[in-house]
Amino acid sequence: MRGEEILGAIVKSIEGDATGTIGANVDGSTSALKFARGGATAANLSQDTALAGAVSGGIALRSLVKGGKLASHNANSDEKAVQSAGITAVNKLLEQ
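Sequential numbering of the sequence shown, starting at 3, is according to this note's numbering.
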């Protein structure tokens, strides 16, 4: 996955993607912003048709949002590790 692909997937998100959450199986048209919003079960998200750039972009976006819920169910308080992963993803994106 290259930074240009991740950034391209983020840029292709449309304004309407900022509202609502994923309620069904993802497909090739699911945007990075929708992935960042989340809301679906693991079964909905683990589809072969999801675009890698959109998934990666969603992870990068979600890690940047203050109060993101990537580590919200973690009893071990690994928020710093999650933030580090997000920072690494964003740095890779910006290096390209």
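Glycine is no exception: its CB is placed at the ideal position from the N, C-alpha and C atoms. This structure is a prediction, so every number in the text was calculated from the model and none was measured.
In chain order, what residues of the same chain have a beta carbon less than 6 Å from the beta carbon of A54, not counting five sequence neighbours either side? As a working mapping, residue 54 is identified with position 52 in the sequence shown. When the five nearest sequence neighbours on each side are left out, the beta carbons in the same chain lying within less than 6 Å of the beta carbon of A54 are those of M3, in order along the chain.
Distance between K36 and I24 (C-alpha atoms, nearest Å): For this step, residue 24 is matched to residue 22 along the sequence shown. For this step, residue 36 is matched to residue 34 along the sequence shown. Rounded to the nearest angstrom, the two C-alpha atoms are 6 Å apart.
So, helix, strand or coil for L35, using DSSP? Numbered from its first residue, the sequence shown carries residue 35 at position 33. Of the three classes helix, strand and coil, the one that applies to L35 here is helix, per DSSP.
Going by other Cβ atoms of all chains shown within 10 Å of its Cβ, with 16 needed for buried, is S33 buried or exposed? For this step, residue 33 is matched to residue 31 along the sequence shown. When all chains shown are included, S33 counts as buried.
Does the Cβ-Cβ distance between A91 and S65 come in under 9 Å? Working through the sequence shown from its first residue, we reach residue 91 at position 89. Working through the sequence shown from its first residue, we reach residue 65 at position 63. Taking 9 Å as the Cβ cut-off, A91 and S65 qualify as a contacting pair.
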